[in-house]
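Structure first, then comments.
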Amino acid sequence: MCKYDLSDRNLQRALNDLEWEKERDRFDRADQALQASSVAYQRYIELLKPYEGMPLTEVPMDVLQQADAALAESHAANKQWAKLMGVKMK
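Quick note on this note's numbering: the sequence shown kicks off at 48 and runs consecutively.
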């Protein structure tokens, strides 16, 4: 920047542009994490929907394991979203 003898105004403008790009990238990654969480949670619901109202012991173990994996994936994506957005989660 010194090579082109940019003024303070131009320097501040360039820094603001860089900050905006960084924030936009963070929001894009947060949106992707939120979308991944939604897809995983929807998969969890669809896996267990046929067994609604049945005792847990009648649900096949492989379905329970797949549902647990989908729920864990959803929670991980939610945690990533919260971290990117600066939200404190318990």
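For glycine and all other residues, C-beta sits at the position ideal for the given N, C-alpha and C. Owing to the predicted nature of the structure, the values given are computational and were not obtained by experimental measurement.
Counting along the chain, the unbroken alpha helix (DSSP H) around E120 starts and ends at 108-132. Across the structure, Q82 and A117 are spaced so that their CA atoms are roughly 13 Å apart.
Residue nearest to Q79 within the set K135, V134, Y91, S121 is S121 (criterion: CA-CA distance).
A contact between stretches requires three or more CB pairs, one per stretch, nearer than 8 Å, and the segment 58-78 fails this requirement with the segment 95-115. Contact check for A77 and A124: beta-carbon distance about 10 Å, past the 8 Å limit, so the pair fails to qualify.
For Y88, the enclosing alpha helix (DSSP H) stretches over residues 55-95.
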